[in-house]
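**Q** Residues 116 to 294, numbered by the working numbering, are exactly what the sequence shown covers, in order.
No residue lacks a Cβ here, since even glycine has one placed at the ideal position from N, Cα and C.
Below you will find the structure I want to go over with you.
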Amino acid sequence: FEAWDGWSLEAVVEAAEAEQAPAIIGAGCLLGHQPWFDEGGIELLGAAASEVARRARVPVALLLNETHTLEQSLRGLDAGFNAVMMHTGELDEAEAVAAVSQLVTAAHARGATVEAELGNLPDAAHGAIDDSAASLTDPDEPARFVEATGVDCLTVSVKTVHLLEHGSEEIDLDRLPAV
116 FEAWDGWSLE
126 AVVEAAEAEQ
136 APAIIGAGCL
146 LGHQPWFDEG
156 GIELLGAAAS
166 EVARRARVPV
176 ALLLNETHTL
186 EQSLRGLDAG
196 FNAVMMHTGE
206 LDEAEAVAAV
216 SQLVTAAHAR
226 GATVEAELGN
236 LPDAAHGAID
246 DSAASLTDPD
256 EPARFVEATG
266 VDCLTVSVKT
276 VHLLEHGSEE
286 IDLDRLPAV
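Right, here's the structure in full:
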């Protein structure tokens, strides 16, 4: 579940406790105001999320989702997130492998996990699907990428969409088992 402030953090935990279910709380950086994240926002979110998770009566994992840089991811680990995901959808394969490998080494040394992505999801942040920078995951890439980086979890692009609140998109279900 994505959470952006104290109220949404607490709401996720309250729902998880009501269902007696563990939760993963993600704080997303992809579409947020980057100067805020770079000027202490990551640490502020980490402190609030860590306190809410500490008080929870169910297991809660904290994911700093879709950071823009390796530095942001590392700061997230230092701020209490036990999982991180760096947005690499716009990097070429060699750059993505290098960055994710470095992040995996740092995260695993801290007992944290890393999610990576292959492909670039379109988004619907402005009410319509913008797929101008989107790319589907090539089915030949995931196994090689996971082996090269040691990543714990992988996100693939199969026509899923960020922030789609209205309308629908046809997910490429034939591609999904191939990736």
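How many angstroms separate the CA atom of Pro-292 from the CA atom of Glu-230?
**A** Taking the straight line joining both Cα atoms gives about 19 Å.
**Q** So, using beta-carbon positions, are Gly-204 and Ser-250 closer together than 9 Å?
**A** The answer is yes: Cβ separation under 9 Å.
**Q** Among the candidates Glu-256, Ile-140, Lys-274, whose CA atom is the shortest distance from the CA of Leu-288?
**A** Closest by alpha carbon: Lys-274.
**Q** Comparing C-alpha positions only, which one of Arg-290, Thr-182, Ala-131 sits nearest to Phe-152?
**A** With distances taken between Cα atoms, Phe-152 lies closest to Thr-182.
**Q** How about Ala-118 and Gly-141: are their beta carbons less than 9 Å apart?
**A** For Ala-118 and Gly-141, yes; Cβs fall inside 9 Å.
**Q** With DSSP as the reference, label Arg-191 as helix, strand or coil.
**A** One detail in the question is off: residue 191 reads as Gly in this sequence, not Arg. Helix at Gly-191.
**Q** Could you check how far apart the C-beta atoms of Thr-252 and Val-294 are, in whole angstroms? I think they sit under 8 Å.
**A** Sure, about 5 Å apart at Cβ, within 8 Å.
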